[in-house]
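Numbering (my numbering), first residue to last: 74 to 350.
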């Protein structure tokens, strides 16, 4: 019998997510993935030292990499230097590479929340009473500020030497997330209350919704991997991209049905196997 593929599953089981238990999701996933792979779990700061003994590294609920930037940079450098397979692949162009993509997609005319990163470009944004200013390297709302229009110029001037993003504060009906394995849609969840981001319920997308989400999955062009397309439904009914999470997106599997979870694990297992060929 040929040897089973070996997987180093990267997770911070103690990561203190607000209102969520990331570790429960990883315990569930690893309990099923081990049926197909020889699998070990490690903390993200240990991945570089351990990965050479595994066929692939699966990065999951490891927390924002801004919490361990030196270790993450070392991991990427070592993986690229040794040809180590990583899932998701390290070629992601979205959150994996920082928030610059929101500026780029705005410039390219994609349906995203309008975003600039330079004081000189403020006139390109729609006028709003309040703006969102946040660091490019931020995650989980770290460093995010809501700034009144009259204070925006002074606020931005103070950040002239830092990497930041500026967006108009959008009034929206609700947020919705679309979950993909490779380029295949798996399920969607939405937060009906804008003030309760993680109080999620099942969402049945329209054909137009899926066309919207697939634009960003195709743009990112990952051959294999898990992606979460986060969007908001504006008061006018349009969808705008909030974030394209392609590094370690939390999946909220506990908010899905047994059938959906089973189908997702099957798709993820097949995707990991496919990434090894």
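Glycine is no exception: its CB is placed at the ideal position from the N, C-alpha and C atoms.
Within 8 angstroms, strictly: CB atoms of residue 158 and residue 129: Stepping through the chain shown from its first residue, residue 158 is reached at position 85. Stepping through the chain shown from its first residue, residue 129 is reached at position 56. Cβ distance < 8 angstroms, so residue 158 and residue 129 count as in contact.
Distance, residue 270 Cα to residue 261 Cα: For this step, residue 261 is matched to residue 188 along the chain shown. For this step, residue 270 is matched to residue 197 along the chain shown. Going from the Cα of residue 261 to the Cα of residue 270 covers about 14 angstroms.
Inter-residue spacing [alpha-carbon to alpha-carbon] between residue 284 and residue 252: As a position in the chain shown, residue 284 is number 211, starting the count at 1. As a position in the chain shown, residue 252 is number 179, starting the count at 1. The alpha-carbon atoms of residue 284 and residue 252 are separated by roughly 13 angstroms.
Cβ neighbour criterion (16 or more within 10 Å) applied to residue 108: Residue 108 sits at position 35 when you count from the first residue of the chain shown. Exposed, since its Cβ has fewer than 16 Cβ neighbours within 10 Å.
Cα-Cα separation between residue 74 and residue 180, rounded to whole angstroms: Position 1 of the chain shown, counted from the start, is the residue given in the question as residue 74. Position 107 of the chain shown, counted from the start, is the residue given in the question as residue 180. Low confidence applies here, because residue 74 scores a pLDDT of 45, under 50, leaving its location unreliable; read the following figure in that light. If I take the Cα positions, the gap works out to 53 angstroms.
Under the three-state DSSP convention, the category residue 102 falls into: As a first step, residue 102 must be located in the chain shown, where it is residue number 29. Residue 102: helix per DSSP, three-state reduction.
Separation of residue 276 from residue 265, as counted between CA atoms: Reading the chain shown from its first residue, position 192 is the one you call residue 265. Reading the chain shown from its first residue, position 203 is the one you call residue 276. Cα to Cα, residue 265 sits roughly 10 angstroms from residue 276.
Closest residue to residue 326 among 229, 250 and 207 (Cα-Cα distance): Taking the chain shown and counting its residues from 1, one reaches residue 326 at position 253. Checked all of 229, 250 and 207; the closest Cα to residue 326 is 250.
Paired residues, beta bridge with residue 208 - DSSP: Translated into positions along the chain shown, residue 208 becomes position 135. For residue 208, which the question treats as bridged, DSSP gives the partners 237.
Residues bridged to residue 313 (per DSSP): The residue you call residue 313 lines up with position 240 of the chain shown. According to DSSP, residue 313 bridges with 305.
Three-state secondary structure assigned by DSSP to residue 342: Working through the chain shown from its first residue, we reach residue 342 at position 269. Helix, per DSSP.
Integer Cβ distance of residue 172 from residue 204, believed to fall under 8 angstroms: As a working note, residue 172 is residue 99 in the chain shown. As a working note, residue 204 is residue 131 in the chain shown. Not a contact, Cβ separation roughly 15 angstroms.
Assumed close pair residue 111, residue 319 - CB separation to whole angstroms, cut-off 8 angstroms: Stepping through the chain shown from its first residue, residue 111 is reached at position 38. Stepping through the chain shown from its first residue, residue 319 is reached at position 246. Not a contact, Cβ separation roughly 26 angstroms.
Span separating the alpha-carbon of residue 224 from that of residue 177: Numbered from its first residue, the chain shown carries residue 224 at position 151. Numbered from its first residue, the chain shown carries residue 177 at position 104. Going from the Cα of residue 224 to the Cα of residue 177 covers about 25 angstroms.
Cα-Cα separation, residue 315 to residue 186: As a working note, residue 315 is residue 242 in the chain shown. As a working note, residue 186 is residue 113 in the chain shown. Rounded to whole angstroms, residue 315 to residue 186 spans 6 angstroms at the Cα level.
Cβ-Cβ separation, residue 304 to residue 295 (assumed contact under 8 angstroms), whole Å: Working through the chain shown from its first residue, we reach residue 295 at position 222. Working through the chain shown from its first residue, we reach residue 304 at position 231. Between residue 304 and residue 295 the Cβ distance is about 19 angstroms, and since that is not below 8 angstroms, they are no contact.
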